[in-house]
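Q:
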Amino acid sequence: MKKLLPPTSMACLFLAASLGGCMVPPPPPPPVPVLPMGSTPVLNELLPPKIDAEIDLIRMSHAVTDALVAELRKNHPSFHRRKPILVASFVDRNTLDTSSELGLLISDHVSSRFTQQGFRVVEPKLRENLAIRKDKGDFILSRDVEKLAQENKAYAVVVGTYTETRDLLDFTAKLIQIVDRQVLASVDAKIPLGTTTRDLLLNTGGGTPMSIVER
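Shown next as structure tokens:
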């Protein structure tokens, strides 16, 4: 006499057979989170409680990039991610011809984050030709950028300037459309000057500073 399985066991076998015959593919990975507009409070959350404490430069740079992307999506929703962009080294606002290890490091993290967000980032061969100049009290791109953009087929460029105060570093990052110098997105942020940050700020980088170009 055959022994019958209990109803619970039969249900388990039926469920296992059904799942085995029709495997459901795993869900796609979630998109990279983007900070919403009004990102200043979010950036402030990254600041350490003490002024002289160290800040996570990677998280801060990624937060700035996310804020740029959020503003770009809001103001220019038609901007396609596959349009090539350049990322220039962040420089001291008072000495635009000199970059620092801090400026190079932040620009590298910003470039990396744009890539993670799905944007097409190109690396120019001669980033020292990527210049800004002073005009009527403001800083704009020089004509050399047009040539560099043609060589790299770039559509926009990310530039950044910073100013050192006693305890903080105040900086601005902008995404600028090269053809007409239109600012597509802009973000302001402040970071504390801890020991490591000060050391990076004092050491001049050997790489890709922007320089002032006269008319």
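When the sequence shown is numbered by this note's numbering, its final residue is 265 and no position is left out of the sequence of numbers. The beta-carbon is built from N, C-alpha and C at its ideal position, and this holds for glycine as well.
In whole angstroms, what separates the C-alpha of Ser-149 from that of Ile-156?
A: Computed Cα separation, rounded: 11 Å.
Q: So Val-137 packs on Val-208, CB below 8 Å; how close in whole Å?
A: With a Cβ gap of about 4 Å, Val-137 and Val-208 count as contacting.
Q: Smallest Cα separation from Arg-231: which of Thr-115, Tyr-205, Met-110, Ser-161?
A: Cα-wise, what sits closest to Arg-231 is Tyr-205.
Q: Please go through the same chain and pick out, in chain order, the residues whose beta-carbon is closer than 7 Å to the beta-carbon of Asp-220, but skip the five residues on each side of it.
A: Counting only Cβ-Cβ distances below 7 Å, and skipping sequence neighbours, we find Tyr-212, Thr-213, Lys-240.
Q: Quick check on Thr-115: buried or exposed, where buried means 16 or more other Cβ atoms within 10 Å of its Cβ?
A: Its Cβ being crowded by 16 or more others within 10 Å, Thr-115 is buried.
Q: Can you tell which of Leu-225, Asp-158, Ser-236 has its C-alpha closest to the C-alpha of Ile-108?
A: The shortest C-alpha separation from Ile-108 is found at Asp-158.
Q: With DSSP as the reference, label Phe-164 as helix, strand or coil.
A: In the structure shown, Phe-164 sits in a helix (DSSP, three-state: H, G or I).
Q: Taking Arg-170 and Ile-226 to be in contact with their CB atoms under 8 Å, please state how far apart those CB atoms are, rounded to whole angstroms.
A: Incorrect: roughly 16 Å between the Cβ atoms, too far for contact.
Q: I need the DSSP call for Asp-106, collapsed to helix, strand or coil.
A: Asp-106 falls in the coil class under three-state DSSP.
Q: Can you give me the Cβ contacts of Leu-122 inside the same chain, cut-off strictly under 7 Å, excluding the 5 residues immediately before and after it?
A: Result list for Leu-122: Phe-129, Leu-225, Leu-234, Ala-235, in chain order.
Q: Look up Ala-239 in the DSSP assignment and say whether it is helix, strand or coil.
A: DSSP places Ala-239 in strand when its eight states are reduced to three.
Q: Helix, strand or coil: how does DSSP classify Val-172 here?
A: Of the three classes helix, strand and coil, the one that applies to Val-172 here is coil, per DSSP.
Q: To the nearest angstrom, how far is it from the Cα of Val-160 to the Cα of Thr-222?
A: Spanning the two alpha carbons is a distance of roughly 13 Å.
Q: Might you give, ordered along the chain, the residues of its own chain that have their beta carbon closer than 6 Å to the beta carbon of Ala-251, omitting 5 neighbours on each side?
A: Reading off the sequence shown, one finds Leu at residue 251, where the question assumed Ala. Answer for Leu-251: Ser-150, Leu-152, listed in chain order.
Q: Does DSSP classify Ser-157 as helix, strand or coil?
A: Helix at Ser-157.
Q: What residue from Leu-243, Arg-216, Ser-139 has the CA that sits closest to Gly-210's CA?
A: The candidate whose alpha carbon is nearest that of Gly-210 is Ser-139.
Q: Since Thr-211 is in the beta strand (DSSP E), which residue starts that stretch and which ends it?
A: Element bounds for Thr-211: 206 to 214.
Q: What is the residue span of the alpha helix (DSSP H) that Thr-246 lies within?
A: 245 to 252 is the span of the alpha helix (DSSP H), which, as asked, contains Thr-246.
Q: With DSSP collapsed to three states, give me the class of Ser-111.
A: Three-state DSSP puts Ser-111 in a helix.
Q: In terms of residue numbering, what span does the beta strand (DSSP E) encompassing Phe-221 cover?
A: Phe-221 -> beta strand (DSSP E) spans 218 to 227.
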